[in-house]
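Engineer: Okay, handing you the structure first.
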Amino acid sequence: MKREDELLTELQALIRRHAAAGETETALPGLLLSTYTLPTRSELYWAEPSFALIAQGAKDVVLGNEVFHYAAGQYLIYSVDLPLSSRVALASEKGPLLGLGFKLNPDRVATLLLEAGIQPKDRSRQRGIAVSNLDNDLLDPVVRLLRLLDRPKDRAMLADSIEREILWRLINGEQGTLVQQLGFADGHTMQISRAIKWIRANYARALRIEEMADVACMSITSFYRHFVAVTSLSPIQFQKQVRLQVARALLLSSSKNVADIGFEVGYDSSSQFSREYRRQFGRPPREDGDSLRR
């Protein structure tokens, strides 16, 4: 096996070869490559359960009031859907940010846990996001997976087994307990995940904690405590993030006025919508929408 620095250098070359500017989908489902030549401003996005690493450069990811910085030779795990803001913190023409993201499939995690006889420990009182250092055991299969982008004939036969190996390394790595929660259907993390998906699908409805606790099959007290532990946000704060992200997308894609968009995403008061939107994005809705469409 190559040394870690050699693997990282090869990974950088593979990403450079196959990634266009910004985000690039690949021939491998669920694998996304990224490259940026300049730092970027902070942008909101939805993170799904996934594994992301930096081969060169650095990024900052913000969840609530917490900042997660990760740089070359580090990776980040998301165990649930989360409303985050992210920015490229270190990138240049000579040293662009080079990274990748790989979606984590809960069913595949569950299968591996079952085959290995692993009983995951329920650690749902930890955040649904964490940063760790890469090691050779994980970096090696990641590099082998990206090599398949140059080898279409090998890809069909080998990709599945290499992806399985990556999952296994994550399960047994420093953030293994976080990854294991994806395969633990009855664990608190997956119960909170069900509530998160409900909020995302019903963001315009008035949110009742009792209803959310029922969706998660938890007591009200336990639900609230675990929700905040996993997301760093209260359910109401989480819903607000969802509403504002949807509103911003509507401002970009529709011709509706600001008041109608605020009402559509669940706000009864246009002034409250505008106030919270400005607090989140730094500009009032109309001005921000005009800027996004330019």
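Each number in this note's numbering comes from the position in the sequence shown (counting from 1) with 203 added on. Virtual Cβ for every residue (Gly too), placed ideally from N, Cα, C. Since this is a predicted model, take the numbers as computed values, not measurements.
#1: Provide the residue(s) that pair with residue 249 in DSSP beta bridges, ordered along the chain.
#2: Give me, in chain order, the residues of the same chain whose beta-carbon lies closer than 8 Å to that of residue 439; leave out the 5 immediate sequence neighbours on both sides.
#3: Take residue 243 and list the residues in its own chain whose beta-carbon comes closer than 6 Å to its own, dropping the five residues that flank it on each side.
#4: Which term fits residue 379, buried or exposed, when burial requires 16 or more other beta carbons within 10 angstroms of its beta carbon?
#5: List the whole-angstrom C-beta distance separating residue 344 from residue 372, where the pair is believed to meet the contact cut-off of C-beta under 8 Å.
#6: Looking at the unbroken beta strand (DSSP E) that takes in residue 334, where does it start and where does it end?
#7: Work out the CA separation of residue 350 and residue 341 for me, nearest whole Å.
#8: Closest by CA to residue 232, which one among 302, 283, 308?
#9: Count the other CB atoms within 10 Å of the CB of residue 259; is the residue buried (16 or more) or exposed (fewer)?
#10: Quick test of your reading: residue 348 and residue 365, contact by CB under 8 Å. State the CB separation rounded to the nearest angstrom.
#11: Nearest CA to the CA of residue 278: which residue from 492, 376, 317?
#12: If I'm right that residue 236 touches residue 222 with Cβ under 8 Å, what's the distance once you round it to whole angstroms?
#13: Which same chain residues, not among the five before or five after residue 394, have their C-beta less than 7 Å away from its C-beta?
#14: Are residue 449 and residue 468 closer than 8 Å when you measure CB to CB?
#15: Within 10 Å of its beta-carbon, does residue 282 have 16 or more other beta-carbons around it, so buried, or fewer, so exposed?
#16: With distances taken between CB atoms, is the gap from residue 316 to residue 215 smaller than 8 Å?
#17: How would you write the range of the beta strand (DSSP E) that residue 277 sits in, first residue to last?
#18: Among residues of its own chain, excluding the 5 on either side of residue 264, which ones have a beta-carbon nearer than 6 Å to its beta-carbon?
#19: Which ranges would you report for the alpha helix (DSSP H) in the segment 375-407 if only whole runs of at least 4 residues count?
#20: Quick test of your reading: residue 257 and residue 273, contact by CB under 8 Å. State the CB separation rounded to the nearest angstrom.
#21: Rounded to a whole number of angstroms, what is the C-alpha to C-alpha distance between residue 470 and residue 322?
#22: I'd like to confirm the pairing. Which residues does DSSP put opposite residue 429 in its beta bridges?
#23: Return the bridge partner residues of residue 274 from the DSSP annotation.
#24: From the DSSP output, which residues share a beta bridge with residue 306?
#25: Compute the distance between the beta-carbons of residue 301 and residue 218, then report whether it is under 8 Å.
#26: Buried or exposed for residue 444, going by 16 or more other Cβ atoms inside 10 Å?
#27: Determine the extent of the beta strand (DSSP E) in which residue 225 is found, giving its start and end residues.
Structural biologist: This is what the structure holds:
#1: Your numbering for residue 249 matches position 46 in the sequence shown. DSSP links residue 249 through a beta bridge to 286.
#2: Taking the first residue of the sequence shown as 1, we reach residue 439 at position 236. Result list for residue 439: 410, in chain order.
#3: For the purposes of this step, residue 243 is taken as residue 40 along the sequence shown, with counting starting at 1. Residues 290, 291 of the same chain have their beta carbon placed closer than 6 Å to that of residue 243, with the five preceding and five following residues left out of the count.
#4: The residue given as residue 379 occupies position 176 in the sequence shown. Per the 10 Å Cβ criterion, buried.
#5: Here residue 344 corresponds to residue number 141 of the sequence shown, with the count starting at 1. Here residue 372 corresponds to residue number 169 of the sequence shown, with the count starting at 1. The pair is a contact, with the Cβ atoms about 7 Å apart (cut-off 8 Å).
#6: Against the sequence shown, residue 334 aligns to sequence position 131. Annotation for residue 334: the continuous beta strand (DSSP E) segment containing it runs 332-336.
#7: Here residue 341 corresponds to residue number 138 of the sequence shown, with the count starting at 1. Here residue 350 corresponds to residue number 147 of the sequence shown, with the count starting at 1. Distance between the alpha carbons of residue 341 and residue 350: 15 Å.
#8: Looking up residue 232 in the sequence shown gives position 29. Nearest Cα to residue 232 within the set 302, 283, 308: 308.
#9: Stepping through the sequence shown from its first residue, residue 259 is reached at position 56. The C-beta of residue 259 has 16 or more other C-beta atoms within 10 Å across all chains shown, which makes the residue buried.
#10: On the sequence shown, residue 348 is found 145 positions in, with the first residue counted as 1. On the sequence shown, residue 365 is found 162 positions in, with the first residue counted as 1. For residue 348 against residue 365, the beta-carbon gap comes to about 5 Å, under 8 Å, which counts as contact.
#11: Position 75 of the sequence shown holds residue 278. Minimum Cα distance to residue 278 is reached at 376.
#12: Start at 1 with the first residue of the sequence shown, and residue 236 comes out as number 33. Start at 1 with the first residue of the sequence shown, and residue 222 comes out as number 19. Contact flag correct, Cβ pair sits at about 4 Å.
#13: Position 191 of the sequence shown, counting from 1, holds the residue named residue 394. Within the same chain, 419, 420, 421 come within 7 Å of residue 394 by CB-CB distance, once the 5 residues on both sides are set aside.
#14: For the purposes of this step, residue 449 is taken as the residue at position 246 of the sequence shown. For the purposes of this step, residue 468 is taken as the residue at position 265 of the sequence shown. For residue 449 and residue 468, yes; Cβs fall inside 8 Å.
#15: As a working mapping, residue 282 is identified with position 79 in the sequence shown. Under this definition residue 282 is a buried residue.
#16: Stepping through the sequence shown from its first residue, residue 316 is reached at position 113. Stepping through the sequence shown from its first residue, residue 215 is reached at position 12. Cβ atoms of residue 316 and residue 215: not closer than 8 Å.
#17: Your numbering for residue 277 matches position 74 in the sequence shown. First-last of the beta strand (DSSP E) with residue 277: 277-281.
#18: What you label residue 264 is simply residue 61 of the sequence shown in a count that begins at 1. Scanning its chain for C-beta atoms nearer than 6 Å, with the 5 sequence neighbours on each side dropped, one finds around residue 264 the residues 271, 287, 289, in chain order.
#19: DSSP runs (the alpha helix (DSSP H)) wholly in the segment 375-407: 379-383, 391-404.
#20: Along the sequence shown, one-based indexing puts residue 257 at 54. Along the sequence shown, one-based indexing puts residue 273 at 70. Contact between residue 257 and residue 273 holds, with the beta-carbon distance rounding to 6 Å and staying under 8 Å.
#21: Residue numbering aside, residue 470 sits at position 267 when the sequence shown is read from its first letter. Residue numbering aside, residue 322 sits at position 119 when the sequence shown is read from its first letter. Going by the C-alpha atoms only, they are around 44 Å apart.
#22: Reading the sequence shown from its first residue, position 226 is the one you call residue 429. The partner list for residue 429 (beta bridge, DSSP) is empty, contrary to what the question assumes.
#23: Looking up residue 274 in the sequence shown gives position 71. Answer is 261.
#24: For the purposes of this step, residue 306 is identified with residue 103 of the sequence shown, where counting begins at 1. In the DSSP assignment, the residues bridged to residue 306 are 253.
#25: Counting from 1 along the sequence shown, the entry for residue 301 is found at position 98. Counting from 1 along the sequence shown, the entry for residue 218 is found at position 15. Residue 301 is a Cβ neighbour of residue 218, given a cutoff of 8 Å.
#26: Counting from one through the sequence shown, the residue named residue 444 turns up at place 241. Looking at its Cβ environment, which holds 16 or more other Cβ atoms inside 10 Å, residue 444 is buried.
#27: The residue given as residue 225 occupies position 22 in the sequence shown. Counting along the chain, the beta strand (DSSP E) containing residue 225 begins and ends at 225-228.
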